[in-house]
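In terms of the working numbering, the sequence shown is residues 12 to 536.
All C-beta atoms in this analysis are idealised placements derived from N, C-alpha and C, irrespective of residue type, glycine included.
For clarity, every value in this text was computed on a predicted model and none was experimentally measured.
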Amino acid sequence: MSKEDNVRVVVRCRPLLPDLEQNEESVVKILNDDQTIQIASRQFTFDRIFSPSSSEDEVYSKSAKHIVDCVLQGYNGTIFAYGQTGTGKTHTASSIMDRSFEHIFDHISKSISNTKFLVRASFYEIYNEEIKDLLASGGNRKSSHRSVELKENLDGKIVLKNLSNFVVNNVDDLKRLKMVGEKHRVFGSTKMNLRSSRSHTIFTITIETEIGADNPETSIVRVGKFHLIDLAGSERQAKTGTSGSRLKEAAKINLSLTSLSTTKNIKNKPIINEDSKDALLRRFEEQVKELRAQLEQENDELAAISQSSSSISGTKIVPNELIEKLKALEDKICVGGENLIEKAEMQEKLIADSERELLERREKEDQLRKELEQRQADILKIEDSYASLQEEVIALNRKIKKASILLREARGELEDMNVEHEKLRGELLDSIRVSEKEIKLTNALIQHYIPDLYVKLIEENTNFNPMTGEWELRCIAYTGNNMKDDYLQSDDDDDDNDGEDVDRIALNLFNSDSIYLSYANIGAN
């Protein structure tokens, strides 16, 4: 994996506020390598650092563009906007969203003809540990249909149940969804930020690419997801001055950011595609094994203590042997012999050594006795712990049975979701193919049978009505059939006798299939 595919951290420094720019100077210095930032005497290194003068295009091209390119190739990509409250995260995230929208549909417009795309979008927020759909119908935030359930399927993937997913056809559709979601998002005012985001938002774009759509049997479908995450800023109550509901929101925000950091540390462990229920059972098994290992270790230590107690009894024999040796020496002195003084000094030395050794033995004996008493107390605790472990194993077995039931239910839900998804996807692809055939047929008819002058005239005098989904012709009220009805109903009572022949002639003309009226700038011909 190349460096471009790893997690990259970039820093964008926002300029000072206008009221501080004249009286204060920035404490942040960016070194010449654009990767090192200096605050006071400390330096920090990142993958990229953008100065306050960096443009939005520069930030996008050097930090987000390659991620969108990978998503278009069928990979998943995520961009986090993280930082303290009031540092401009929402501003930067919004700019990256708009440019990624244009990037995606610019790529689609330049793709080859036998490649088809299906683009869907969703927008939701996490507010006070609850997930809310920002694109759900209705504007009432407390409405139950705005809530989204977070679940995990059998493959270990996170599923958001009841989340709205909209098919988009152009950049304007994506911007419209973004505007609707931001309108429903929760904002609040603090001392550090007049318009502070009080929730985390996730804007997800799913891109399905069908390569070789002309031949469905050999076509290849690639799916990539692009997540744009705008995290609420971390804050301190002493600086923001929040209280009441704002203080509760701040506590939830800081808690969720801490949980995100913990999740990153957990995910860095080399465990791939592990189901959460399997992970829970694995942790329970590890705890049981650890407790059993502790119990076995205590048994080994108890055996060692037993051996030590036997050695204590052995130490009692050693002083007796030393006393017998002293008596033997005294007997030799009484018998008489050469160098008695030297022998006496040697005996005194041996006695002193024996007394010192005896004292050490007694101290060691007392220490071993205390350890033996402590081990016996520990054995009693281990026996109590072993009884509680058996109860814990019974509780774990109950949890396993409940988890098995939930697993079967989740498999059933997954099968239903797969069937529904495949059905919806097939209907969408069929609709796209029919629309493309109709467009090609219409273009062929226009190119071969309608002159360019008339095509231009039709375009100038027609409008598309999005409410009805039809094209409407201007001045249609003045066409032949409409004028015929108005003519037949006008002035019948004023001139019944004199206009009878004229009315009859006009009626015959209007009912004739071979007579047409045309209109020009000077009137009817």
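Would you call residue 154 buried or exposed, if buried means 16 or more other Cβ atoms sit within 10 Å of its Cβ? Note that residue 154 scores a pLDDT of 49, beneath 50, so its modelled location is shaky; the value from the coordinates is reported in the next line. Residue 154 should be labelled exposed.
Taking DSSP as the reference, what is the three-state secondary structure of residue 243? Note: residue 243 maps to coil in three-state DSSP.
Using the Cβ count rule (16 or more neighbours within 10 Å means buried), how would you classify residue 36? Answer is exposed; the Cβ neighbour count stays below 16.
Of the listed residues 237, 173, 456, 448, nearest to residue 80 (C-alpha basis): Taking the Cα of residue 80 as reference, the smallest distance to any Cα among 237, 173, 456, 448 is reached at 237.
Mind checking which residues open and close the alpha helix (DSSP H) that includes residue 99? Element bounds for residue 99: n/a, residue is neither H nor E.
So what's residue 452 in DSSP terms, helix, strand or just coil? In this structure, residue 452 counts as helix in the three-state DSSP scheme.
Under 9 Å, Cβ to Cβ, is there at least one residue of chain D near residue 479? The structure shown contains no chain D; it holds only a single protein chain.
Residue 182 versus 118, 171, 140, residue with shortest Cα-Cα distance: Distance from the Cα of residue 182 is smallest, within the candidate group 118, 171, 140, for 118.
Is there contact between the region 20-27 and the region 56-73, where contact requires at least three CB pairs shorter than 8 Å? Here the region 20-27 lies against the region 56-73, with 3 or more beta-carbon pairs under 8 Å apart.
Within the region 154-196, ranges of the alpha helix (DSSP H) (whole runs, at least 4 residues): Fully contained in the region 154-196 are the following alpha helix (DSSP H) runs of length 4 or more, in chain order: 182-195.
Can you have a look at residue 480 and say buried or exposed, based on whether 16 or more other CB atoms are within 10 angstroms of its CB? With fewer than 16 other Cβ atoms inside 10 Å of its own Cβ, residue 480 counts as exposed.
Pick from 482, 129, 240: whose alpha carbon is nearest that of residue 439? For the residues 482, 129, 240, the minimum Cα distance to residue 439 belongs to 129.
Are residue 213 and residue 134 touching if we call contact CB-CB under 9 Å? Going by C-beta atoms, residue 213 is nearer than 9 Å to residue 134.
Suppose contacts are defined by Cβ-Cβ distances below 9 Å. Is residue 138 in contact with residue 197 by that definition? Taking C-beta atoms as the reference points, residue 138 and residue 197 count as a pair closer than 9 Å.
Less than 9 Å separating the beta-carbons of residue 142 and residue 185? The Cβ-Cβ distance between residue 142 and residue 185 does not fall below 9 Å.
Within 9 Å, strictly: CB atoms of residue 106 and residue 193: Cβ atoms of residue 106 and residue 193: not closer than 9 Å.
Would you decide whether residue 437 is buried or exposed? Buried here means 16 or more other CB atoms lie within 10 Å of its CB. Residue 437 counts as exposed, since fewer than 16 other beta carbons sit within 10 angstroms of its beta carbon.
C-alpha gap between residue 357 and residue 363, whole angstroms: A straight-line Cα-Cα distance of about 10 Å links residue 357 and residue 363.
Under DSSP, the beta strand (DSSP E) around residue 135 begins and ends at which residues? That run of the beta strand (DSSP E) goes 126-138.
Between 85, 222, 28, which has its C-alpha nearest residue 123's C-alpha? Comparing Cα-Cα distances from residue 123 to each of 85, 222, 28, the minimum goes to 222.
Let's see if you can read the secondary structure: which residues bound the alpha helix (DSSP H) around residue 79? Per DSSP, residue 79 is one residue of the alpha helix (DSSP H) stretching across 76-83.
In the structure shown, what three-state DSSP assignment does residue 535 receive? Residue placement at residue 535 cannot be trusted, given a pLDDT of 42 that sits under 50; the coordinates are not used to answer.
Looking at the unbroken alpha helix (DSSP H) that takes in residue 121, where does it start and where does it end? Note, residue 121: premise wrong, no alpha helix (DSSP H); not H, not E.
Does the Cβ of residue 241 have 16 or more other Cβ atoms within 10 Å, making it buried, or fewer, making it exposed? By the neighbour-count rule (16 or more Cβ atoms within 10 Å), residue 241 is buried.
Starting from the C-beta of residue 91, find all residues in its chain whose C-beta is less than 7 Å away, skip the five residues before and the five after it, and write them out in chain order. So the list reads 240, 242, once near-sequence residues are dropped.
Going by CA-CA distance only, name the one from 103, 419, 125 that's closest to residue 226. Checking every option, the nearest Cα to that of residue 226 belongs to 125.
According to DSSP, which residues form a beta bridge with residue 53? DSSP output for residue 53 lists 50 as bridge partner(s).
My understanding is that residue 421 touches residue 165, with C-beta atoms under 8 Å, so please give their C-beta distance in whole angstroms. Sure, about 6 Å apart at Cβ, within 8 Å.
I need the straight-line Cα distance from residue 399 to residue 412, nearest angstrom please. C-alpha separation (whole angstroms): 20 Å.
Boundaries of the alpha helix (DSSP H) in which residue 469 is found, first to last residue: 463-471 is the span of the alpha helix (DSSP H), which, as asked, contains residue 469.
So for residue 19, helix, strand or coil by DSSP? Note: residue 19 maps to coil in three-state DSSP.
Length of the line joining the Cα atoms of residue 279 and residue 17: Note that residue 279 scores a pLDDT of 49, beneath 50, so its modelled location is shaky; the value from the coordinates is reported in the next line. If you draw a straight line from the Cα of residue 279 to the Cα of residue 17, it is about 13 Å long.
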